[in-house]
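Just below is one structure, and these are the notes that go with it.
In the working numbering, the protein residues as written are 1436 to 1731.
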């Protein structure tokens, strides 16, 4: 493992292609389906403004929102109500494209803590959702847990105020040595990586970010410290020239055809826990201005 943090300096070519841009419910979805067939996973980005009109004019919106319909109708803020509706519509259409089934047939539910999951049809498809400003990002995977997180690239956050909450000692030391502008960018990149990873675990902000770290291997690839088996893979992309989007994936199995049986994997061995745990314990911690995964 390189001594240089995953967030510091310029990043090499990511291990995953940039997220697919899908401007509306009608797609195009071919690239998403191709990535699912080829690798078992895909990440989509769009804006709520592009999806707003077709989503709200859809006569089947109530069916499409399903469990989220009461939340949509009762949300006290108009902007929040629209954001909730559009983000869930994007998630369901992305999952439907991956599974090659109608979106209205999918049942979206939430685990304690807010992690979105599919019930019934498509339950073997892992999903993750993030949105910030007008950007919406959805990750889907048939190959293992997935987490995505997004932030405006120009967001100003206080390194000094949050370093002990977000960084390991090594990460904090390396970031502190950078010029201020590079430090801010690196810190934000690191934050989104940790958000994506904890979302993939299903822990969200309940896991203490300073309890696990990132670095680079000899090839410059971002790695999770302590992941000697290489189960996890990460990437961060600049989307629309103004948003940082990070994704985290754990490879559980070779991808099966949509709707097919999942291939056996090491995660299915007797005694193997259902999800990988980072090498340190968890503790609840909150961050200014952040929402739980279910709210985002």
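Think of the CB as a built atom: it goes at the ideal place given N, C-alpha and C, for glycine as much as any other residue. Note that the structure is a prediction, hence the values are computed from the model and not measured.
- Of the other Cβ atoms in all chains shown, 16 or more fall within 10 Å of the Cβ of residue 1585; this residue is therefore buried.
- In the structure shown, residue 1484 adopts helical secondary structure according to DSSP, grouped into three states.
- Membership of residue 1594 in the alpha helix (DSSP H) is indicated by the continuous run 1594-1601.
- Residue 1622 carries a helical assignment under DSSP once its states are collapsed to helix, strand and coil.
- Counting C-beta pairs closer than 8 Å gives fewer than three between the stretch 1544-1558 and the stretch 1594-1602, which falls short of the contact rule.
- Take residue 1503, set aside five residues on each side of it, and the residues of its chain with a beta-carbon closer than 8 Å to its own are 1519, 1520, 1523, 1543, in chain order.
- If you look at residue 1515, you'll find it in the alpha helix (DSSP H) that goes 1513-1534.
- Rounded to the nearest whole angstrom, the C-alpha separation of residue 1491 and residue 1612 is 49 Å.
- Boundaries for residue 1538: no alpha helix (DSSP H) harbours it, and the DSSP string shows neither H nor E there.
- Scanning its chain for C-beta atoms nearer than 7 Å, with the 5 sequence neighbours on each side dropped, one finds around residue 1499 the residues 1493, 1524, 1527, 1538, 1539, in chain order.
- Counting along the chain, residue 1505 sits inside the alpha helix (DSSP H) bounded by residues 1504-1509.
- Using a Cβ distance threshold of 8 Å, residue 1669 and residue 1657 count as a contacting pair.
- DSSP, reduced to helix, strand and coil, places residue 1460 outside both helices and strands of the structure shown, so it counts as coil.
- Between the beta-carbon of residue 1562 and that of residue 1572 there is about 11 Å, and that puts the pair past the 8 Å contact cut.
- Under a 10 Å Cβ-count criterion, residue 1619 is classified as buried, with 16 or more other Cβ atoms of the shown protein chains found around its own Cβ.
- The C-alpha of residue 1651 is placed about 16 Å away from the C-alpha of residue 1604.
- In the structure shown, residue 1671 adopts extended strand secondary structure according to DSSP, grouped into three states.
- Counting only the Cα atoms, residue 1575 lies some 11 Å from residue 1454.
- Judged by beta-carbon spacing, residue 1485 lies beyond the 8 Å limit of residue 1532, meaning their Cβ atoms are not closer than that value.
- Collapsing the DSSP output to three states places residue 1644 in a helix.
- For residue 1567, the enclosing beta strand (DSSP E) starts and ends at 1561-1567.
- For residue 1586, the secondary structure class from DSSP, reduced to helix, strand or coil, is strand.
- For residue 1638, same chain residues with a beta-carbon under 6 Å away, outside a window of 5 residues either side, do not exist.
- Under the DSSP assignment, residue 1679 falls in the beta strand (DSSP E) whose first and last residues are 1678-1685.
- Where residue 1659 is concerned, the enclosing beta strand (DSSP E) starts and stops at 1657-1659.
- Here residue 1625 is buried. Its C-beta has 16 or more other C-beta atoms within 10 Å.
- The straight-line gap separating the alpha-carbon atoms of residue 1559 and residue 1677 is approximately 33 Å.
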